[in-house]
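Notes follow once the structure below has been shown.
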Amino acid sequence: MPSLEEGEGTRSVSTREATYPRRHPVDGVLLDMGDTLIEEGPFLPGRSPLIPGVGETLTLLYGRYRLGLVTNTDQAGRAEVSQALDRLGIGRYFSVVVTSSDVGWPKPHPFIFEAALSSLGLPPDRTVMVGNHLAKDVAGAKALGMRTVHFRWSPRYPAFPRGEEERPTLAIGDFVELPEALWRLEALPCPAPRAPVDTGEEHDL
Ligand SMILES: [Mg+2]
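Take the position in the sequence shown, starting the count at 1, then add 74; the result is the number in this note's numbering.
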């Protein structure tokens, strides 16, 4: 009989868990903002800039995962981005908002992902990155050993990876597919983290 995951002893096994066994649990989800949650293009009057399916999907995910936002911004910091999320009615879902303006490093730099993981209090192998940008969202998070979901929604950005480092764990074309993708990810192993760049500094072991 296969051993149960740590802490799973009293958990009932649903049909979905039987289909996608939790060999590699996911506890946190980091999401990009532009063209992942909010449309980057020009807004039509009276039309919500939220991408279809985002509101109801975040409601579903909120009860199960710790959610964080990781976004590259020119100047806007955490407070400004949080206010924008609140105005759209989705701010309450995010326990963490991390901007490149605050961190000083944009995606795909590891520092911004590490800042978000540290704020969430989760390791990379328990956290999934979701975003529309293969070079920034997918490659950046994958380098840290995170599983990734490519939201292949906007025609503004490349739909297919240029190399193995940009290859996501899963891809979705509709935001409402995200809960199912996260379930499926729990059966899939994390990518190997890329070795950190040798800075030439010596470290004590
Ligand atoms: Mg984006």
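Backbone N, C-alpha and C fix where the C-beta goes; we use that ideal spot for every residue, glycine too.
Remember, it's a predicted structure, so these values are computed and weren't measured experimentally.
Mark residue i as exposed unless 16 or more other C-beta atoms lie within 10 angstroms of its C-beta, in which case mark it buried.
i	result
Gly195	exposed
Gly81	Low per-residue confidence applies at Gly81: pLDDT is 43, beneath 50, and the placement is therefore not dependable, though the value from the model is reported in the following sentence. The residue is exposed, with fewer than 16 neighbouring Cβ atoms inside 10 Å.
Ala215	buried
Ser192	exposed
Gly247	exposed
Gly142	buried
Val204	buried
Leu134	exposed
Leu208	buried
Phe225	buried
Gly102	buried
Ala153	exposed
Phe234	exposed
Asp211	buried
Glu130	exposed
Quick one: what's residue i bridged to in DSSP?
i	result
His224	Gly205, Ala245
Thr173	Thr145
Arg140	Gly102
Leu124	Ile112
Expressed to the nearest angstrom, what Euclidean distance is found between the alpha-carbon atoms of residue i and residue j?
i	j	result
Ala255	Ala189	25 Å
Val100	Pro253	11 Å
Pro95	Asp106	27 Å
Thr243	Asp148	29 Å
Arg97	Val171	28 Å
Glu251	Pro267	26 Å
Gly165	Ala150	15 Å
Asp109	Thr93	31 Å
Pro126	Pro184	30 Å
Ala217	Asp176	21 Å
Cys264	Gly115	33 Å
Tyr231	Gly237	15 Å
Trp227	Ala269	31 Å
Leu259	Val144	20 Å
Gly163	Gly219	32 Å
Gly83	Arg161	Reliability of the predicted coordinates at Gly83 is poor, the pLDDT of 43 falling under 50, and the value obtained from them is presented with this limitation in mind. So the two alpha carbons sit approximately 41 Å from each other.
Leu262	Arg121	38 Å
Arg138	Trp257	11 Å
Glu239	Phe187	16 Å
Within the continuous alpha helix (DSSP H) that includes residue i, where are the two ends?
i	result
Val155	152-161
Ser193	184-194
Arg258	252-259
Thr133	128-136
Gly214	213-217
Would you give the residue range spanned by the beta strand (DSSP E) that residue i belongs to?
i	result
Leu105	102-105
Checklist entry - Whose beta carbon lies closer than 6 Å to any heavy atom of ligand 1, going through the chain in order? => result Asp106, Gly108, Asp109, Thr110, Gly205, Asn206, His207
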